[in-house]
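Chains as they are written, first to last, in this note's numbering: chain A, 1 to 247; chain B, 1001 to 1337.
Every residue, glycine too, gets a C-beta built ideally from N, C-alpha and C.
A quick note: this is a predicted structure, and the numbers were derived from the prediction, not measured.
These notes are about the structure you will find just below.
Written out as C-alpha cells, the structure reads:
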C-alpha cells in the first residue's frame, strides 16, 4: 500500500532524510518513532506529496506520489504537523468544507460530520472558530477532517500529543477500526505507550536513517528500552542549584 | 523598581516588534498612490487615513503580556500599579497625543480636534484591554454560496473584512453615496475616480491573498483535492463580493474591470512570494513599483470600460482567467521549503 525506495530529502547541506526504504502493507498501523529533528515529519510530508523528494520514489495506494498528486489527494487523509486549519472557519465549517471538496453529498457530509463531532467530543465547540479553539480541539478537528472522506490511507503527524486520555482512547479505537477495514495508517508519535497499543509495525528513525523496522512482537526487549538503546539515551543532568536531594 | 523596569523594557521590545501598522501602510497601494499622486487633492483622504490608522495604533501595550503570566509573576501591588501607570507610555501614540495637547494649549490646534483625537485614542485603548473578540460571533453570519467552494469563499470573506483596507474603501464608498444623496455639485468623472480609489484601497489585499491563511492554511490547500485555479478563484470571488457592492453607487462595471485587473496582477506576488498578514492592519502590497503599476492598469481598465465601451470587460476577464489558470498551476507545485 505504501512503498518508499531510497527516499532522500536534503535542505542545502543538511540531509533530513537519508535513503529510507519502507514498505507498509494494507491495513497496517505503522508508527514512526524518533526524537525531535530525526526526520519524521519530513518523511510524512514527502509521503503525502507536501514536500518534493531530493531523490528516491514513493508509491501510495498504487500511485506514484510525484506523478499523480491530485489523484493521491483524493485517496488519502492527512493530519499535518501544523494541522492545516483556517482561523476564519468554525470546527463545523471545516468538516463541511472537507466533505464538499471530496464530492460527498450534503446528507452524507452531515451524517459523517455529526458522528465524528460526537465521537471526538467536539459537539459543544462545533461553532467555535479554529482560531479561538484550544490546541486539543484544533487537533481533533484536523483528525476528523482526515477521517471524513473515508480515505484508503491515513497519515497522521503526532496525533496523540496534547489530547486528553479519553479522546486519545477514542482516536486509537477509531484508527484500529479503520485499519481492520483495510485503511493503512502511518503515524508519527513520541508517546510510546500508545504505540505499544496500536502499532502493527514499528519504525525507528535517527538522524534521517531507519535504525529499526519490525512488527512490535519482534522487538528483543520492551519498546521503551529498545528505543533508548537504539535511538536516544536519556541524559540525566543533576541540577544542584535546585537544593540538596533528600534521602 | 528593577522588576518594573525589566517588564517595561521587555514590553517595549515586544510592542515595537508587533507594531507593523506603519510598515503595512508604507507598502499599501492606496497609500503609495495617494502619497505620490494625490498630494494636492488628498486632504480628505489623509484625514480618513489618520482616523483609520489611529485604531490599530491605540492598543494597550500591557496586553502583550499574557494575563496568566502577569498574574504568576511575583510582583507587589505597588509595582502592578506602577506598571499600569507607565505601560501606556510604551505606545508612541500616547506621546503624540501629549504633544498635540501642548500644541492645543499654545493655541496652534483647537481643543475640539485634540479632544476628538484623544477621545478616539482613549476609547480604542480601553476597548483593546477587553480580552475578547466581539467581531467573531458576527462573522459567522456571512452569506452562503452554492457549490463546493462555499466554505472557502466564506472564509475568504471573513479574512477580507478583518483588514483595514475594507474599512477605508467602505468609508470612501459611503462618503460618495452621501455626496450623491445630498445632490452636491460633483465634478465630471467623479464616479469613475472614486470607483478606482475604492478598488485601489482594496487592491493591496490581492497581492497577499494567502497572508491571513498562515502556513497551516497553505498546507491544507495543498492537501485538498482542489485545482490551484479553484483555490485562487474562491479567493477572487470573495474579493468581488466585497468590491462590487462598494462600487455599486458609483460605476459598477468600471469597478468590476478594476477589481479583475487587481486580481490578475495580484496573483503573481500572492503565489510566488506569500507573505504573512496581520489582522486589523492594512494589507501590505508588493512594493512601490508594483503598487503604481497596479494603479495605472486598474485606472486604464476602469476608464476604458466607463468612457468607451463595456466590451472592454471581455479582454480584462480573459487576462484574469489566464492569470488564474497560470498561477493556479504554480500553486499546485509542492512547497520547496
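- At a cut-off of 8 Å, the C-beta of residue 123 of chain A has no neighbouring C-beta in chain B.
- Shown in chain order are the members of the stretch 52 to 69 of chain A whose Cβ falls below 8 Å from a Cβ of chain B: 52, 69.
- Boundaries of the beta strand (DSSP E) around residue 17 of chain A: 14 to 24.
- Counted as a single uninterrupted DSSP element, the alpha helix (DSSP H) harbouring residue 1217 of chain B occupies residues 1214 to 1223.
- Not a single C-beta of chain B is nearer than 8 Å to the C-beta of residue 151 of chain A.
- In the same chain as residue 1196 of chain B, and ignoring 5 residues on each side of it, the C-beta atoms closer than 7 Å to its own belong to 1258, 1298, 1299, 1302, in chain order.
- Shown here, residue 1310 of chain B sits in a helix according to DSSP, grouped into three states.
- Going by beta carbons, residue 38 of chain A and residue 217 of chain A fall outside the 8 Å limit.
- Contact between the stretch 1322 to 1331 of chain B and the stretch 1224 to 1234 of chain B is present: three or more C-beta pairs spanning the two stretches fall below 8 Å.
- When only Cα atoms are considered, residue 122 of chain A and residue 1279 of chain B end up about 27 Å apart.
- Around the beta-carbon of residue 1194 of chain B, 16 or more other beta-carbon atoms lie within 10 Å, marking it buried.
- Under the Cβ criterion of 8 Å, residue 1277 of chain B is not counted among the residues facing chain A.
- Scanning its chain for C-beta atoms nearer than 8 Å, with the 5 sequence neighbours on each side dropped, one finds around residue 15 of chain A the residues 8, 9, 208, in chain order.
- Of the candidates B/1329, B/1074, B/1077, the residue whose Cα lies closest to the Cα of residue 1222 of chain B is B/1329.
- Cβ-Cβ distances below 8 Å link residue 160 of chain A to 168, 171, 172, 189, 191, 194 in the same chain, with the five nearest sequence neighbours on each side left out; the list follows chain order.
- For residue 58 of chain A, the secondary structure class from DSSP, reduced to helix, strand or coil, is strand.
- By the Cβ criterion, the stretch 1238 to 1245 of chain B is in contact with the stretch 1147 to 1167 of chain B, since at least three pairs of Cβ atoms, one from each stretch, lie closer than 8 Å.
- Spanning the alpha carbons of residue 1073 of chain B and residue 1062 of chain B requires a straight line of approximately 14 Å.
- In terms of CA proximity to residue 150 of chain A, A/95 leads the group A/201, A/95, A/198.
- Annotation: the continuous alpha helix (DSSP H) that includes residue 119 of chain A extends over 106 to 119.
- Under the Cβ distance rule, residue 1272 of chain B does not count among the residues neighbouring chain A, no pair being separated by less than 8 Å.
- Using a Cβ-Cβ cut-off of 8 Å, residue 1238 of chain B does not count as an interface residue toward chain A, since no Cβ of chain A sits closer than that to its own.
- If you ignore the 5 residues before and after residue 1319 of chain B, its C-beta comes within less than 6 Å of the C-beta of 1264, all in its own chain and listed in chain order.
- By the neighbour-count criterion, in which a residue is buried when 16 or more other Cβ atoms sit within 10 angstroms of its Cβ, residue 1030 of chain B is buried.
- The beta carbon of residue 74 of chain A sits closer than 8 Å to some beta carbon of chain B.
- Per DSSP, residue 189 of chain A is one residue of the beta strand (DSSP E) stretching across 184 to 189.
- Bounds of the alpha helix (DSSP H) holding residue 1272 of chain B are 1252 to 1272.
- Secondary structure note for residue 1153 of chain B: its alpha helix (DSSP H) is the uninterrupted segment 1150 to 1160.
- Around residue 1220 of chain B, the beta-carbon contacts reaching into chain A at under 8 Å are 80, 84, 85, 86.
- For residue 1029 of chain B, the secondary structure class from DSSP, reduced to helix, strand or coil, is helix.
- Residues of chain A whose Cβ lies closer than 8 Å to the Cβ of residue 1226 of chain B are, in chain order, 101.
- Inter-residue distance for residue 20 of chain A and residue 146 of chain A is about 25 Å (C-alpha atoms, whole angstroms).
- Per DSSP, residue 82 of chain A has no beta bridge partner at all.
- Residues of chain B with a Cβ closer than 8 Å to the Cβ of residue 90 of chain A are, in chain order, 1140.
- The stretch 107 to 122 of chain A and the stretch 57 to 73 of chain A do not touch, with fewer than three beta-carbon pairs separated by less than 8 Å.
- Here residue 1103 of chain B carries a helix assignment [DSSP, helix/strand/coil].
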